[in-house]
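Residue numbers (this note's numbering): 5 to 371. Everything below concerns the one structure shown next.
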Amino acid sequence: MKTKSAVMYEQRKPLVVEELELEGPKAGEVLIKYTASGICHSDYSVVHGVIGGKAPMVLGHEGAGIIADVGPGVTSVKPGDHVIAVLTPSCGVCWMCKEGKHHMCSQMGKLMATGRMLNGETRFSKDGKPVYHMAGLGTFSEYSVIPEGSAIKVGDNAPLGTVCLIGCGVTTGVGAAVNTANVQKGSTVAVIGCGGVGLSIIQGARINGARMIIAVDPVPEKRALAMEVGATHGVDPFAPEGPVKQVKALTNGLGVHYAFEALGRTDTIEQTWSMIRPAGRAIIVGVPDAKAKIKLSMTGVFGEKRIKGSGYGSASPKRDIPRFVDWYLNGDLKLDQMITKRIRLEDINQAFDEMGRGEGARSVIMY
Ligand SMILES: NC(=O)c1ccc[n+]([C@@H]2O[C@H](COP(=O)([O-])OP(=O)(O)OC[C@H]3O[C@@H](n4cnc5c(N)ncnc54)[C@H](O)[C@@H]3O)[C@@H](O)[C@H]2O)c1
Ligand SMILES: [Zn+2]
Ligand SMILES: [Zn+2]
């Protein structure tokens, strides 16, 4: 069949929106008709060479849609089911899955590293040549073929054009707060970078009962949005005192219990270490260049500070996706506020430019 997709032919060049060939689902795969896809900073980072990616590739990894067909052996979903596409297929049999760490499933690593389906093939092609899939999902496409495990069924009452955000940014952010950090009731939190991921961390911290949530972002509209979804204070990191002093001033000079980085820069990662109190925790969610190095003070080490990365919100999709959808439906998770714009696939390059300027929280492509 044919599908309209946005293809990255070369890093640092605009995506090309065009028609591709899409082969039907093979064993353990499903054909999905995407309803919507959010645009995550990780897509932007692939285009800008911060995160590796094979070209030509259909980008996008934050989608939701309806199952159109299933390959042999598929039992967990059927045509017509509403699903959210997730980053980890949670195979259930690799060592990480067996240890309950579904967000580190070896199949996920394989999909990310190869840009192919699990059997080594691609389902997208152009003029007979393979086109790779980002994370086995390729959500910047009207149709795609994805592994069965990457399709998590949700109720028909969940609006797919909004809960698509749970595919990446929301699960990453809310999960970083409620799973990775397990933010304690009454604690103090700072979040550096209040885009789709940071706003979700703020919401996870609010849901877990944090008493103070400080939103750190240079864009006033982002700080205002952060306050709308649960932050109690806003800090402009570019003010003369800098972010660390301002966060400490708000916490009796001591620093916060938890600081999250949701931007992907080494200087802001180092700031999290400086703004946590002794025995505090720095949780790194933003993804800088994989070869980047950070410097941490020994004072902090002997102050028993801890630093931890958070991958995909330490999520177990079968447990977390339905519960995050419920949190949205009962009003605890505010996702509508996070959607700045609904756009057409053709507007994708403009949306990347806006993201580069820090404008808007999430743009959502509607198919
Ligand atoms: N760990 C994971 O599993 C995972 C998953 C998804 C995304 N990510 C990463 O999370 C990061 C954030 O993604 P996003 O989609 O929310 O990005 P985004 O572009 O929507 O948001 C980034 C925010 O940072 C703000 N900012 C810019 N400079 C700043 C500074 N000096 N101090 C504080 N804030 C500043 C911007 O104004 C913007 O609001 C990216 O690095 C992305 O790759 C990680
Ligand atoms: Zn993402
Ligand atoms: Zn696995």
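Note that CB positions come from ideal geometry on N, CA and C, so glycine has one too. Nothing here was measured: the structure is a model prediction, and the numbers come from that model.
At the C-beta level, Val220 and Ala194 come within 9 Å of one another. Straight-line spacing of the CA atoms in Ser9 and Leu300 works out to 43 Å. With respect to Gly202, Leu267 sits close: the two C-beta atoms are nearer than 9 Å.
Apart from the 5 residues on each side of it in sequence, Arg16 sits with its Cβ closer than 8 Å to the Cβ of Val51, His52 and Gly53 in its chain, given in chain order. Taking C-beta atoms as the reference points, Tyr136 and Ala230 fail to come closer than 9 Å. The three-state secondary structure of Glu152, taken from DSSP, is helix. Between the stretch 91–99 and the stretch 135–153 there are three or more C-beta pairs closer than 8 Å, enough to call the two in contact. Around the Cβ of Gly64, a 10 Å sphere holds 16 or more other Cβ atoms; the residue is buried. In summary, Thr276 is buried, with 16 or more beta-carbon neighbours lying within 10 Å of its beta-carbon over all protein chains present. Contact between Ile43 and Ser49 is ruled out by a C-beta separation of about 12 Å, above the 8 Å threshold. Your pair Gly234 and Arg269 does not check out as a contact, with CB atoms roughly 24 Å apart and the cut at 8 Å. A Cβ-Cβ separation of about 6 Å places Val11 in contact with Glu22 under the 8 Å criterion. Separation of His106 and Trp331 (C-alpha to C-alpha, rounded to the nearest whole angstrom) is 21 Å.
Non-local beta-carbon contacts of Gln341 in its own chain, meaning distances under 7 Å to residues more than five positions away in sequence, involve Leu229, Glu232 and Val233 in chain order.
Of the candidates Ile218, Asp324, Ile311 and Thr126, Ile218 places its Cα closest to the Cα of Gly197. Contact check for Val167 and Val34: beta-carbon distance about 18 Å, past the 8 Å limit, so the pair fails to qualify. Assignment of beta-bridge partners to Glu22 by DSSP yields Ser9.
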